[in-house]
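A.B. asks: Pasting in a structure now, in structure tokens, and then I'll have a few things to ask.
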């Protein structure tokens, strides 16, 4: 009987309170010795005494996924539903910090949105240390205020996926809450601007590829592109109430360990946009997805979620690659991900295969997503519809500079390709944006963790021939060519410049850089400030602004 919710219990968020914990977690708790010996017959009067014995916070841990005492007691509280006055007493416990955290955790599961903020935010002033038990059984140090901030800002903690909570700024706009600034709402580190103007300058490197057969395609130094003004393009120049829906979806390449991060991403996408459209979400993995991963992700969205596997030639060394040479590069180089084999597989896959995966190949457009990204603004129109109606092919938000060490021969190889296919160079292209004053690639690229693309481009003869040429050269492995420079160079060479679109009204963050719109009409539906707007100061972004005049 004590494994069931008490009689006459009130449903929470339309379900049995216990079901706020996933079934697999409940089963592990019910099978645990602590539950059987200490929690089985517990009633409301004994909860406080047992909670006062807690010495750490955690979910399940160890190879056997043993449940912590913390979540065992939390499940018992969901069963017996103590009065709110008791929960408030837990939260106000100055003497027992783990009792306070348990009360806050429980309220985050069952409370109303304004109640959660009003009861938990005062705990930002509690700076006491706490111990966190990690999934590998180790302990780490944290603080009460940091844990409270996670309760208010994250979707999943301690093997528990929380019910959705309305953003604070929305409650403020409604007048349900008074404005408050969290002390933990840290700004992005300005030191990240080490992605400096130096990255724009090309430096000569030793050539890895054979020079034989190379004919100079053109004098890129003298190439000039007429400045194109897109200021008259209004992103809302169509009926936003239209019921048109595009054959499109969100696509991400993730790992099982990315569960918490992708849950956060999908929640953000739903809250900011997709709850009104329900475009499908397609998640791919080079390993089989776990049952827990699929069940958790499927539960948190009304949109259709598809799970796919990546294997075979798409995620391995091609037969023409000298793996000894690859190992030498991985061992001797010091740039980011230099030592990683899987990162190279990923870049190659995203460059030339993902758009033809069986779950993706029928889509006309995709919106790429990754774990732990943030969207600062409500998106009150359909970007897919905008792309189609305005003949846009490639959409982006943040532009970065690639490390020349990772792409030492990418531009040389690109020019070799163009010498064979000069007809592919579009005379109205965006090539000026990717060149320095010597006609060499400056490293500028659209950050591909956010890209909205008409997939006919990636499946086009021009793009596929370009990718295959790059692939045969071996640069994805002998160096560390990324999918973002490959996509960006191809889009900047083969497309009309006006087929590229900067989504200036979509606020977006992928660590460590964020972009927030600076127009007053979009700030009214955004939760960000200028200090989250480092993308504005990056050299490639400013170069785009100079060439295209799309930004106020």
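In our numbering, the protein residues as written are 2 to 553. Backbone N, C-alpha and C fix where the C-beta goes; we use that ideal spot for every residue, glycine too. Treat the numbers as computed from the prediction; the structure is a model and nothing was measured.
Just the Cα atoms here: how many angstroms apart are residue 87 and residue 107?
C.D. replies: 11 angstroms
A.B. asks: When the Cβ atoms of the stretch 279-292 are set against those of the stretch 305-313, are three or more pairs found closer than 8 angstroms?
C.D. replies: yes
A.B. asks: For the beta strand (DSSP E) holding residue 141, just list the boundary residues, first then last.
C.D. replies: Annotation: the continuous beta strand (DSSP E) that includes residue 141 extends over 140-144.
A.B. asks: Can you find the residues in the same chain that come closer than 7 angstroms, C-beta to C-beta, to residue 27, ignoring five residues on each side of it along the sequence?
C.D. replies: Taken in chain order, the residues that qualify are 19 and 76.
A.B. asks: Taking Cβ to Cβ, would you say residue 528 is nearer than 8 angstroms to residue 168?
C.D. replies: yes
A.B. asks: Can you tell me whether DSSP reads residue 472 as helix, strand or coil?
C.D. replies: helix
A.B. asks: Rounded to the nearest angstrom, what separates residue 496 and residue 457 at their Cα positions?
C.D. replies: 12 angstroms
A.B. asks: Is the CB-CB distance between residue 110 and residue 163 below 8 angstroms?
C.D. replies: yes
A.B. asks: Taking the alpha carbon of residue 179 as the point to measure from, which residue in 492, 353, 39 and 122 has its own alpha carbon closest?
C.D. replies: 122
A.B. asks: Take the Cβ of residue 480 as the centre, count every other Cβ of all protein chains shown within 10 Å, and call the residue buried at 16 or more, exposed below.
C.D. replies: Burial call: buried.
A.B. asks: Quick one: what does DSSP say residue 346 is sitting in, helix, strand or coil?
C.D. replies: Three-state result, residue 346: helix.
A.B. asks: Does the Cβ-Cβ distance between residue 73 and residue 136 come in under 8 angstroms?
C.D. replies: no
A.B. asks: Say whether the stretch 498-511 touches the stretch 395-404, bearing in mind that this needs 3 or more beta-carbon pairs closer than 8 angstroms, one atom from each stretch.
C.D. replies: yes
A.B. asks: Along the alpha helix (DSSP H) that carries residue 252, what are the first and last residues, could you check?
C.D. replies: No alpha helix (DSSP H) contains residue 252, which is instead part of the beta strand (DSSP E) from 249-254.
A.B. asks: DSSP three-state call for residue 104: helix, strand or coil?
C.D. replies: Reduced to three states, the DSSP call for residue 104 is helix.
A.B. asks: Just to check my reading of the structure: residue 132 and residue 145 have Cβ atoms closer than 8 angstroms, yes? What is that Cβ distance to the nearest angstrom?
C.D. replies: Taking 8 angstroms as the upper bound for CB-CB distance, residue 132 and residue 145 are not in contact here, some 11 angstroms apart.
A.B. asks: What span of residues does the beta strand (DSSP E) with residue 311 cover, start to end?
C.D. replies: Neither: residue 311 is in no beta strand (DSSP E) and is coded neither H nor E.
A.B. asks: One question on the structure: do residue 251 and residue 345 come within less than 8 angstroms of each other, judged by their Cβ atoms?
C.D. replies: no
A.B. asks: How many angstroms separate the CA atom of residue 371 from the CA atom of residue 488?
C.D. replies: 17 angstroms
A.B. asks: For the structure I just gave you, are there three or more beta carbon pairs, one from the stretch 370-388 and one from the stretch 258-274, closer than 8 angstroms?
C.D. replies: The answer is yes - the stretch 258-274 touches the stretch 370-388, with three or more Cβ pairs under 8 angstroms.
A.B. asks: Run the CB neighbour count on residue 492, radius 10 Å, all protein chains shown included, and call it buried at 16 or more, exposed below.
C.D. replies: buried
A.B. asks: Considering only C-alpha positions, which residue in the set 31, 483 and 139 is nearest to residue 343?
C.D. replies: 483
A.B. asks: Where does the unbroken beta strand (DSSP E) through residue 514 begin, and where does it stop?
C.D. replies: 514-516
A.B. asks: Taking residue 396 as part of the beta strand (DSSP E), name the residues at either end of that continuous run.
C.D. replies: That run of the beta strand (DSSP E) goes 395-397.
A.B. asks: Please return the same chain residues whose Cβ sits closer than 6 angstroms to the Cβ of residue 158, not counting the five positions on each side in sequence.
C.D. replies: 151
A.B. asks: Could you check the C-alpha separation between residue 320 and residue 166 for me, to the nearest Å?
C.D. replies: Whole-angstrom Cα-Cα distance: 50 angstroms.
A.B. asks: How is the alpha helix (DSSP H) around residue 300 delimited, first residue to last?
C.D. replies: 292-300
A.B. asks: What do you reckon, are the CB atoms on residue 103 and residue 55 nearer than 8 angstroms?
C.D. replies: yes
A.B. asks: What residue from 81, 120 and 502 has the CA that sits closest to residue 546's CA?
C.D. replies: It is 502.
A.B. asks: Name, in chain order, the residues that DSSP records as bridge partners for residue 154.
C.D. replies: Answer is none; residue 154 lacks a bridge partner.
A.B. asks: Smallest Cα separation from residue 24: which of 278, 294, 48 and 113?
C.D. replies: 294
A.B. asks: Using only the alpha-carbon positions, how far apart do residue 318 and residue 38 sit?
C.D. replies: 54 angstroms
A.B. asks: Kindly indicate which residue of 537, 526, 506 and 534 has the alpha-carbon position closest to the one of residue 555.
C.D. replies: No statement about residue 555 is possible, as the shown extent of the chain runs from 2 to 553 and does not include it.
A.B. asks: From residue 352 to residue 459, what does the alpha carbon distance come to, in whole angstroms?
C.D. replies: 9 angstroms
A.B. asks: Quick one: using the 10 Å Cβ neighbour count with 16 as the cut-off for buried, is residue 292 buried or exposed?
C.D. replies: Exposed: under 16 other Cβ atoms inside 10 Å.
A.B. asks: So, residue 500 versus residue 357, is the Cβ gap smaller than 8 angstroms?
C.D. replies: no
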